[in-house]
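Presented below is the structure to which this report refers.
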Amino acid sequence: NVCSLDTYEYGSFEPLCLFDGDIFIGGLPYRTGEIITQHYNSLLSLAHLADAADAVLLVENEQVHRACTHMLHNPRPSFADLNRVIAADVAAVTLPLAPASGGRDALLSASLAHVCPHPGFPLLTARLTPQMPRSSIRFTSDTWGAILKRMRQMHVSDAALECDTNWAVRADAPGANRSVASLLALHGETSASADTSAWRDRELYADWSVDPLRVAVRSQPFAEMPCAAATLSNSQSALAPVDNLCARAY
168 NVCSLDTYEY
178 GSFEPLCLFD
188 GDIFIGGLPY
198 RTGEIITQHY
208 NSLLSLAHLA
218 DAADAVLLVE
228 NEQVHRACTH
238 MLHNPRPSFA
248 DLNRVIAADV
258 AAVTLPLAPA
268 SGGRDALLSA
278 SLAHVCPHPG
288 FPLLTARLTP
298 QMPRSSIRFT
308 SDTWGAILKR
318 MRQMHVSDAA
328 LECDTNWAVR
338 ADAPGANRSV
348 ASLLALHGET
358 SASADTSAWR
368 DRELYADWSV
378 DPLRVAVRSQ
388 PFAEMPCAAA
398 TLSNSQSALA
408 PVDNLCARAY
(Lines of atoms letter the chains of each structure in order from A and count residues from 1; the text may use other names and numbers.)
(Lines give C-alpha, C1' and ligand atoms only; values in the text may rest on other atoms or scores of the structure.)
Protein backbone atom coordinates (compact mmCIF):
# COMPACT_ATOMS: atom_id res chain seq x y z
CA ASN A 1 0.00 0.00 0.00
CA VAL A 2 1.73 3.14 -1.17
CA CYS A 3 -0.15 5.50 1.12
CA SER A 4 -0.33 3.72 4.46
CA LEU A 5 1.81 4.36 7.53
CA ASP A 6 1.96 3.55 11.22
CA THR A 7 2.10 6.05 14.06
CA TYR A 8 3.12 5.36 17.62
CA GLU A 9 0.73 7.09 19.97
CA TYR A 10 -0.33 6.41 23.56
CA GLY A 11 1.72 3.24 23.75
CA SER A 12 0.25 1.42 20.77
CA PHE A 13 0.63 1.35 17.01
CA GLU A 14 -2.29 2.72 15.08
CA PRO A 15 -2.39 2.17 11.32
CA LEU A 16 -3.38 5.25 9.35
CA CYS A 17 -4.49 4.51 5.81
CA LEU A 18 -4.98 7.35 3.37
CA PHE A 19 -5.79 5.01 0.49
CA ASP A 20 -7.21 1.58 1.18
CA GLY A 21 -5.75 -0.26 -1.77
CA ASP A 22 -2.71 -0.70 -3.95
CA ILE A 23 -1.87 1.30 -7.03
CA PHE A 24 1.29 0.85 -9.07
CA ILE A 25 2.71 2.89 -11.92
CA GLY A 26 3.89 0.55 -14.62
CA GLY A 27 6.40 2.04 -17.04
CA LEU A 28 6.37 0.51 -20.52
CA PRO A 29 9.79 0.63 -22.24
CA TYR A 30 10.78 2.36 -25.44
CA ARG A 31 9.87 0.31 -28.50
CA THR A 32 13.54 -0.01 -29.37
CA GLY A 33 16.33 -0.48 -26.86
CA GLU A 34 19.71 -1.98 -26.15
CA ILE A 35 18.41 -4.80 -23.90
CA ILE A 36 16.93 -7.61 -25.96
CA THR A 37 14.77 -8.93 -23.09
CA GLN A 38 13.33 -5.57 -22.02
CA HIS A 39 9.86 -6.24 -23.43
CA TYR A 40 9.78 -9.75 -21.97
CA ASN A 41 10.81 -8.44 -18.56
CA SER A 42 8.22 -5.66 -18.72
CA LEU A 43 5.49 -8.11 -19.71
CA LEU A 44 6.27 -10.40 -16.76
CA SER A 45 6.37 -7.44 -14.37
CA LEU A 46 3.07 -6.09 -15.70
CA ALA A 47 1.40 -9.50 -15.35
CA HIS A 48 2.46 -9.76 -11.69
CA LEU A 49 1.40 -6.17 -10.97
CA ALA A 50 -2.02 -6.73 -12.51
CA ASP A 51 -2.54 -9.73 -10.23
CA ALA A 52 -1.30 -8.01 -7.08
CA ALA A 53 -2.62 -4.46 -7.40
CA ASP A 54 -6.06 -2.92 -7.33
CA ALA A 55 -4.99 -0.57 -10.12
CA VAL A 56 -2.03 -0.24 -12.48
CA LEU A 57 -1.39 3.08 -14.21
CA LEU A 58 0.36 2.47 -17.53
CA VAL A 59 2.97 5.00 -18.62
CA GLU A 60 4.59 4.67 -22.06
CA ASN A 61 8.13 5.98 -22.20
CA GLU A 62 7.70 6.69 -25.91
CA GLN A 63 4.72 8.97 -25.31
CA VAL A 64 6.36 10.71 -22.34
CA HIS A 65 9.38 11.44 -24.52
CA ARG A 66 7.11 12.83 -27.26
CA ALA A 67 5.34 15.02 -24.70
CA CYS A 68 8.70 16.59 -23.90
CA THR A 69 9.75 17.11 -27.51
CA HIS A 70 6.41 17.99 -29.14
CA MET A 71 4.41 19.70 -26.39
CA LEU A 72 7.10 21.16 -24.13
CA HIS A 73 9.53 21.91 -26.98
CA ASN A 74 12.43 20.20 -25.24
CA PRO A 75 14.42 18.47 -28.02
CA ARG A 76 16.73 16.52 -25.68
CA PRO A 77 14.82 15.64 -22.50
CA SER A 78 16.68 14.21 -19.53
CA PHE A 79 15.36 11.53 -17.19
CA ALA A 80 14.37 14.33 -14.81
CA ASP A 81 12.32 15.94 -17.60
CA LEU A 82 10.57 12.64 -18.34
CA ASN A 83 9.82 12.12 -14.66
CA ARG A 84 8.34 15.61 -14.38
CA VAL A 85 5.88 14.81 -17.16
CA ILE A 86 4.88 11.56 -15.46
CA ALA A 87 4.57 13.31 -12.09
CA ALA A 88 2.29 15.97 -13.59
CA ASP A 89 -0.01 13.34 -15.13
CA VAL A 90 -0.25 11.47 -11.84
CA ALA A 91 -0.63 14.54 -9.63
CA ALA A 92 -3.44 15.94 -11.78
CA VAL A 93 -5.68 12.97 -10.93
CA THR A 94 -4.48 12.20 -7.39
CA LEU A 95 -4.42 15.63 -5.74
CA PRO A 96 -7.31 16.27 -3.31
CA LEU A 97 -10.41 16.78 -5.45
CA ALA A 98 -13.98 17.66 -4.51
CA PRO A 99 -17.03 16.20 -6.28
CA ALA A 100 -18.34 18.63 -8.88
CA SER A 101 -21.77 18.28 -7.30
CA GLY A 102 -20.39 19.63 -4.01
CA GLY A 103 -19.18 18.14 -0.76
CA ARG A 104 -15.89 17.21 0.85
CA ASP A 105 -12.77 16.22 -1.03
CA ALA A 106 -13.04 12.65 -2.27
CA LEU A 107 -10.48 10.13 -1.03
CA LEU A 108 -8.21 8.51 -3.56
CA SER A 109 -9.75 5.17 -2.62
CA ALA A 110 -13.18 6.38 -3.78
CA SER A 111 -11.77 7.49 -7.13
CA LEU A 112 -9.96 4.18 -7.62
CA ALA A 113 -13.06 2.20 -6.66
CA HIS A 114 -14.95 4.14 -9.32
CA VAL A 115 -12.48 3.66 -12.20
CA CYS A 116 -11.74 0.03 -11.27
CA PRO A 117 -15.20 -1.41 -10.56
CA HIS A 118 -14.16 -4.93 -11.60
CA PRO A 119 -10.94 -6.76 -10.57
CA GLY A 120 -10.52 -8.03 -14.12
CA PHE A 121 -9.94 -4.50 -15.43
CA PRO A 122 -7.07 -2.95 -13.42
CA LEU A 123 -5.17 -1.16 -16.22
CA LEU A 124 -5.53 2.63 -16.28
CA THR A 125 -4.25 5.49 -18.42
CA ALA A 126 -3.92 9.18 -17.54
CA ARG A 127 -4.18 12.20 -19.82
CA LEU A 128 -3.57 15.90 -19.14
CA THR A 129 -4.24 19.05 -21.14
CA PRO A 130 -2.95 21.63 -21.78
CA GLN A 131 0.73 20.72 -21.81
CA MET A 132 3.04 23.59 -22.66
CA PRO A 133 6.30 25.25 -21.62
CA ARG A 134 5.95 27.45 -18.54
CA SER A 135 7.06 30.44 -20.61
CA SER A 136 3.93 30.05 -22.77
CA ILE A 137 1.34 29.89 -19.98
CA ARG A 138 0.87 33.63 -19.63
CA PHE A 139 0.04 33.93 -23.33
CA THR A 140 -2.79 31.38 -23.27
CA SER A 141 -6.48 32.20 -23.08
CA ASP A 142 -8.05 28.74 -22.87
CA THR A 143 -11.69 28.39 -21.87
CA TRP A 144 -13.27 25.36 -20.21
CA GLY A 145 -15.32 24.72 -23.32
CA ALA A 146 -12.21 24.52 -25.52
CA ILE A 147 -10.21 22.41 -23.06
CA LEU A 148 -13.01 19.90 -22.47
CA LYS A 149 -13.71 19.62 -26.20
CA ARG A 150 -10.05 18.81 -26.90
CA MET A 151 -9.82 16.39 -23.99
CA ARG A 152 -12.97 14.57 -25.08
CA GLN A 153 -11.64 14.13 -28.61
CA MET A 154 -8.32 12.92 -27.24
CA HIS A 155 -10.29 10.26 -25.39
CA VAL A 156 -12.45 9.33 -28.39
CA SER A 157 -9.51 9.03 -30.81
CA ASP A 158 -7.24 7.40 -28.18
CA ALA A 159 -4.61 10.13 -28.40
CA ALA A 160 -2.01 10.21 -25.64
CA LEU A 161 -1.08 13.78 -26.59
CA GLU A 162 -3.14 16.69 -27.80
CA CYS A 163 -1.03 16.99 -30.96
CA ASP A 164 -2.05 13.42 -31.94
CA THR A 165 -5.80 14.05 -31.73
CA ASN A 166 -7.78 12.75 -34.69
CA TRP A 167 -10.81 14.99 -35.12
CA ALA A 168 -12.31 12.72 -37.80
CA VAL A 169 -13.11 9.94 -35.28
CA ARG A 170 -16.66 10.06 -33.94
CA ALA A 171 -17.70 8.70 -30.55
CA ASP A 172 -20.20 6.32 -32.20
CA ALA A 173 -17.65 4.95 -34.70
CA PRO A 174 -16.67 1.26 -34.38
CA GLY A 175 -13.02 2.07 -33.66
CA ALA A 176 -13.62 4.80 -31.10
CA ASN A 177 -12.08 4.43 -27.66
CA ARG A 178 -14.54 3.41 -24.94
CA SER A 179 -14.20 3.25 -21.19
CA VAL A 180 -15.42 1.09 -18.35
CA ALA A 181 -15.21 4.22 -16.20
CA SER A 182 -13.40 7.55 -16.12
CA LEU A 183 -12.45 10.22 -13.63
CA LEU A 184 -12.49 13.74 -15.07
CA ALA A 185 -10.45 16.13 -12.90
CA LEU A 186 -10.71 19.88 -13.44
CA HIS A 187 -8.24 22.35 -11.92
CA GLY A 188 -8.86 26.08 -11.77
CA GLU A 189 -10.76 28.80 -9.96
CA THR A 190 -13.87 28.38 -12.13
CA SER A 191 -13.67 24.58 -12.47
CA ALA A 192 -16.95 24.00 -10.61
CA SER A 193 -18.87 25.93 -13.29
CA ALA A 194 -17.44 24.02 -16.28
CA ASP A 195 -20.00 22.31 -18.52
CA THR A 196 -19.13 18.59 -18.61
CA SER A 197 -22.36 17.39 -20.22
CA ALA A 198 -20.56 16.21 -23.38
CA TRP A 199 -18.61 13.76 -21.23
CA ARG A 200 -21.84 12.04 -20.18
CA ASP A 201 -22.46 10.74 -23.70
CA ARG A 202 -23.12 7.00 -23.34
CA GLU A 203 -21.20 6.37 -26.58
CA LEU A 204 -18.00 7.02 -24.62
CA TYR A 205 -18.54 4.08 -22.27
CA ALA A 206 -19.23 0.36 -22.23
CA ASP A 207 -22.92 -0.52 -22.53
CA TRP A 208 -22.91 -2.40 -19.23
CA SER A 209 -21.19 0.33 -17.21
CA VAL A 210 -23.70 1.65 -14.65
CA ASP A 211 -22.04 4.87 -13.44
CA PRO A 212 -19.11 5.47 -15.79
CA LEU A 213 -18.21 9.13 -15.14
CA ARG A 214 -17.06 10.90 -12.01
CA VAL A 215 -16.28 14.62 -12.26
CA ALA A 216 -14.10 16.20 -9.57
CA VAL A 217 -12.83 19.74 -9.22
CA ARG A 218 -10.06 21.68 -7.52
CA SER A 219 -10.26 25.45 -7.24
CA GLN A 220 -6.48 26.00 -7.39
CA PRO A 221 -4.50 26.30 -10.65
CA PHE A 222 -2.45 23.29 -11.69
CA ALA A 223 1.23 23.90 -12.47
CA GLU A 224 0.49 27.63 -12.84
CA MET A 225 -2.14 26.94 -15.53
CA PRO A 226 -5.42 28.75 -14.76
CA CYS A 227 -7.46 25.95 -16.40
CA ALA A 228 -6.37 22.33 -16.73
CA ALA A 229 -8.20 19.05 -17.26
CA ALA A 230 -7.03 15.51 -16.63
CA THR A 231 -8.54 12.07 -16.98
CA LEU A 232 -7.89 8.75 -15.30
CA SER A 233 -9.57 6.17 -17.52
CA ASN A 234 -10.15 2.47 -17.48
CA SER A 235 -10.46 2.22 -21.22
CA GLN A 236 -9.31 0.53 -24.40
CA SER A 237 -6.30 2.86 -24.40
CA ALA A 238 -4.44 0.19 -22.44
CA LEU A 239 -4.88 -2.43 -25.17
CA ALA A 240 -2.55 -1.08 -27.88
CA PRO A 241 0.58 -0.69 -25.70
CA VAL A 242 0.02 -4.09 -24.06
CA ASP A 243 -0.53 -5.74 -27.46
CA ASN A 244 2.68 -4.12 -28.72
CA LEU A 245 4.52 -5.36 -25.62
CA CYS A 246 3.25 -8.92 -26.19
CA ALA A 247 4.22 -8.86 -29.87
CA ARG A 248 7.75 -7.71 -29.13
CA ALA A 249 8.19 -10.06 -26.18
CA TYR A 250 7.31 -13.12 -28.22
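The numbering used here puts the first residue of the sequence shown at 168, with every later residue one more than the last. Backbone N, C-alpha and C fix where the C-beta goes; we use that ideal spot for every residue, glycine too.
Using the three-state DSSP reduction, which class does residue i fall into: helix, strand or coil?
i, result
"Glu-227", "strand"
"His-285", "coil"
"Gly-402", "It should be noted that the sequence gives Ser, not Gly, for residue 402. Correct three-state label for Ser-402: strand."
"Arg-233", "helix"
"Leu-239", "coil"
Looking at the unbroken alpha helix (DSSP H) that takes in residue i, where does it start and where does it end?
i, result
"His-206", "205–219"
"Arg-301", "301–304"
"Val-257", "246–261"
Just to check my reading of the structure: residue i and residue j have Cβ atoms closer than 8 Å, yes? What is that Cβ distance to the nearest angstrom?
i, j, result
"Asp-325", "Asn-344", "4 Å"
"Val-382", "Thr-363", "5 Å"
"Ser-278", "Leu-350", "5 Å"
"Pro-379", "Ser-346", "6 Å"
"Ala-405", "Leu-225", "6 Å"
"Ala-395", "His-354", "4 Å"
"Asp-248", "Cys-235", "5 Å"
"Ser-400", "Thr-332", "That belief does not hold up - the Cβ atoms of Ser-400 and Thr-332 are roughly 15 Å apart, past 8 Å."
"Gln-298", "Leu-216", "Their Cβ separation, rounded to whole angstroms, is 26 Å, which puts Gln-298 and Leu-216 out of contact at 8 Å."
"Trp-311", "Gln-320", "With a Cβ gap of about 15 Å, Trp-311 and Gln-320 do not count as contacting."
"Ser-386", "Ser-360", "Between Ser-360 and Ser-386 the Cβ distance is about 11 Å, and since that is not below 8 Å, they are no contact."
"Asp-221", "Pro-289", "7 Å"
"His-232", "Leu-328", "That pair is no contact at about 11 Å."
"Ala-397", "Ala-338", "With a Cβ gap of about 20 Å, Ala-397 and Ala-338 do not count as contacting."
Identify every residue that forms a DSSP beta bridge with residue i.
i, result
"Ala-277", "Its beta-bridge partners do not exist; DSSP assigns none."
"Leu-291", "Leu-224"
"Pro-266", "Ala-383"
"Thr-296", "Ala-396"
Mind pulling the beta strand (DSSP E) runs of 3 or more residues that sit fully within the region 308–337?
For secondary structure counted as the beta strand (DSSP E) over 3 or more consecutive residues, the region 308–337 holds no complete run.
At 4 residues or longer, and completely inside the region 336–417: list those alpha helix (DSSP H) runs for me, N to C.
406–416
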